[in-house]
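S.K.: Encoded as structure tokens, here's the structure I'll be asking about.
Numbering (UniProt numbering), first residue to last: 1 to 137.
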């Protein structure tokens, strides 16, 4: 895919984060679902690639962590941090690919929140992850 031919998928808008780390990984985009959760999307750019020409695992983990954190913080109306994240890398993405992260909050407690994320490159399941998040004050 040509990086100059990028068209933002329907329903997505820019995800503006207060985190300079997240901004350095972007631009990222979000689309709100009917249930109130948000799908995070990003186009793989040159800065996201490893030496093999595919999306770096650290970048993939960043997208997953950001998608989960954004959805959980929004659902809990507060600040959270990731206490644990497990990720399975199942396929790859290349320059120009559009990837989307979809989150499911599986359990909310007073001290912890559990969530899962699937990351897709088109129809291909690229990664799946589970996280434990804790609120901070």
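Virtual Cβ for every residue (Gly too), placed ideally from N, Cα, C.
Bear in mind the structure is a predicted one, so any value in this text is a computation, not a measurement.
Assign residue 65 to one of three DSSP states: helix, strand, or coil.
M.R.: In this structure, residue 65 counts as helix in the three-state DSSP scheme.
S.K.: Which whole-angstrom value is the C-beta distance of residue 133 and residue 83, which I expect to be below 8 Å?
M.R.: The pair is a contact, with the Cβ atoms about 6 Å apart (cut-off 8 Å).
S.K.: Opposite residue 38 in the DSSP bridges: which residues?
M.R.: Looking at the DSSP assignment, residue 38 forms a beta bridge with 32.
S.K.: Among residues of its own chain, excluding the 5 on either side of residue 49, which ones have a beta-carbon nearer than 7 Å to its beta-carbon?
M.R.: Cβ neighbours of residue 49 beyond the five flanking positions: 55, 56 and 95.
S.K.: Going by DSSP, name the residue or residues bridged to residue 107.
M.R.: Note: residue 107 sits in a beta bridge opposite 114.
S.K.: Can you tell me the Cα-Cα spacing of residue 137 and residue 42, whole angstroms?
M.R.: Roughly 30 Å between the two C-alpha positions.
S.K.: Out of 29, 87 and 135, which one is the CA nearest neighbour of residue 118?
M.R.: Comparing Cα positions, the closest option is 87.
S.K.: Is the stretch 93-112 touching the stretch 63-70, taking contact as three or more C-beta pairs under 8 Å?
M.R.: At 8 Å Cβ cutoff, the stretches touch.
S.K.: Where does residue 123 sit, in a helix, a strand or coil, going by DSSP?
M.R.: The answer is coil: DSSP assigns residue 123 none of H, G, I, E or B.
S.K.: So the candidates are 71, 6, 78 and 79; which of them puts its Cα closest to the Cα of residue 104?
M.R.: Of the listed residues, the one whose Cα sits closest to residue 104 is 71.
S.K.: Below 7 Å CB to CB, which residues in the same chain sit around residue 75 once its five sequence neighbours on both sides are set aside?
M.R.: Once the five neighbours on either side are set aside, the close Cβ partners of residue 75 are 105.
S.K.: What are the boundary residues of the beta strand (DSSP E) that includes residue 81?
M.R.: Note, residue 81: beta strand (DSSP E), 80-89.
S.K.: Would you list the one or two residues that DSSP bridges to residue 130?
M.R.: BP columns for residue 130 point to 86 and 116.
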